[in-house]
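Novice:
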Amino acid sequence: MKKIYSLIAVTFLLFSCGGNDKFVLRGSVGKVNKVMVVTDINSWDGDIGKEIRNSFGELVVGLPQPEPTLSVSQIAPNGFGKMMKVSRNIMIIGVSDEDKFFIKNNVYAQPQTVVYVYGKDKESVIKVFQKHQKEIIDTFLDADIKMLQTQFKKTKLDDTQYKTLQKLGISLTIHKKFNTVDDTGDFLWLRQHLKSGIAKTGSNNILVYSVPLENETTVSDSIVAVRNRIGKKYIPGSDPETMHMITEEAYTPSTFDAIIDGKKAFETRGKWEVKNDFMAGPFLNYTVIDKKNNRLVVFEGFTYAPSVNKRAFLFELEAIAKSMKIQ
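Take the UniProt record's numbering: the last position of the sequence shown gets the number 327, and nothing is skipped along the way.
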């Protein structure tokens, strides 16, 4: 009889897990743009750790304060226990019997990205890492973008309420912390007031608009001129007669190729300022070539957060921009 009861209990447990053999993974934890590196202390203090810190520590373009692309922390393999395994971004790196590189998702928790880098000796480990470093960085950044977009979907603004997005045929996954500043039908400005730390007087901002597509070969060269024109028309300072947003004249923005909603685009990072005033900060601009509608669709995010790091704020704006869908 006891055997029968035991069999019933086991059967119940199996079916209570959803009718399959998969375990329910714990939820992952960890700050955005942070990676836990699992390796021994000698490797971390030596050339392997130096290579990782130099690669992940490359500065984010366009920020007023120097901030690394990815922040890192180290833990030894014998300390990589149950609590540490719920970290969202993990890289396991060290010496093994052969050179290997691979990526797995949701190994110990969900969502989670685990990158494995192995070499037959320390020199080989560095070579394998160097060979795949761009892919590794992009993998962690893309995973964080998707994680944020999933979070934003849970508290998503109803974008059908904005006449500009409706007129332009655009949808975005924007979380509910943003409020409307302006929505003309041709130009949308949303603002999120920042409440944490000394950035509580600051804000994250979203702009959306379109301009005609005149010459595809000169799009990247015209981005600064377009944003300056829009700033003068729609984004005044405390004195609208003499003050408005411009691209900071002392800092040349950087422009890169990008893809948004499967369409060719340009990503521009730089600094904005208010002409004849002291307000300034970083901006992130995506100019999308929409050939179907013979136009450029522009998403811009900019941050005003004096005296605090701004990487995380701008990264949230990037996640929103990359959720864009164009009809």
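Backbone N, C-alpha and C fix where the C-beta goes; we use that ideal spot for every residue, glycine too. Here the structure is a predicted model, which means the values were calculated and not measured.
In three-state terms, what does DSSP make of D182?
Specialist: strand
Novice: Going by DSSP in three states, E67 sits in which element: helix, strand or coil?
Specialist: Here E67 sits in coil by DSSP.
Novice: R311 lies in the alpha helix (DSSP H); which residues open and close that run?
Specialist: R311 to A321
Novice: Report, in whole angstroms, the separation of the C-beta atoms of S238 and Y304, which I expect to be a contact under 8 angstroms.
Specialist: The Cβ separation is near 13 angstroms, so there is no contact.
Novice: Can you tell me which of P282, K264, T155 and A143 puts its alpha carbon nearest to the alpha carbon of F313?
Specialist: P282
Novice: Quick check on this structure: which residue in E214, K264, S254 and P253 has the alpha carbon closest to the alpha carbon of N295?
Specialist: The sequence given here has Arg at residue 295, not Asn. For R295, the nearest C-alpha among the options comes from E214.
Novice: Residue ranges of each beta strand (DSSP E) run of no fewer than 3 residues wholly in the region 141-228, ordered along the chain?
Specialist: 179-183, 187-193 and 203-212
Novice: By how many angstroms is the C-alpha of I137 removed from the C-alpha of I246?
Specialist: 32 angstroms
Novice: State the CB to CB distance for the pair I289 and G301, rounded to an integer number of angstroms; the pair is presumed to be in contact (CB under 8 angstroms).
Specialist: That belief does not hold up - the Cβ atoms of I289 and G301 are roughly 19 angstroms apart, past 8 angstroms.
Novice: Would you decide whether N285 is buried or exposed? Buried here means 16 or more other CB atoms lie within 10 Å of its CB.
Specialist: buried
Novice: DSSP three-state label for M83, please.
Specialist: coil
Novice: Looking only at DSSP bridge pairs, what is E273 linked to?
Specialist: Among the bridge pairs identified by DSSP, E273 is matched with I246 and A280.
Novice: To the nearest angstrom, report how far apart S43 and G49 are at their CA atoms.
Specialist: 6 angstroms
Novice: Locate the beta strand (DSSP E) running through I235, then write down its first and last residues.
Specialist: Taken as a continuous stretch (DSSP letters only), I235 belongs to no beta strand (DSSP E), as it is neither H nor E.
Novice: From what residue to what residue does the beta strand (DSSP E) around N105 run?
Specialist: Here the beta strand (DSSP E) through N105 covers K100 to N105.
Novice: Report the three-state DSSP secondary structure of D239 (helix, strand or coil).
Specialist: coil
Novice: Please confirm whether Q151 and S323 have their CB atoms less than 7 angstroms apart.
Specialist: no
Novice: Is the separation between the beta-carbon of E241 and that of E273 shorter than 7 angstroms?
Specialist: Their beta carbons are not under 7 angstroms apart, which means E241 does not touch E273 by this criterion.
Novice: Mind checking who Y304 pairs with in its DSSP beta bridge?
Specialist: Beta-bridge annotation (DSSP): Y304 is paired with S203.
Novice: Distance, Cα to Cα, A225 vs D97?
Specialist: 56 angstroms
Novice: Could you check what DSSP says for G49 in three-state terms: helix, strand or coil?
Specialist: helix
Novice: Run through DSSP, which three-state label would G62 get?
Specialist: coil
Novice: Can you tell which of F266, L190 and N228 has its C-alpha closest to the C-alpha of S220?
Specialist: F266
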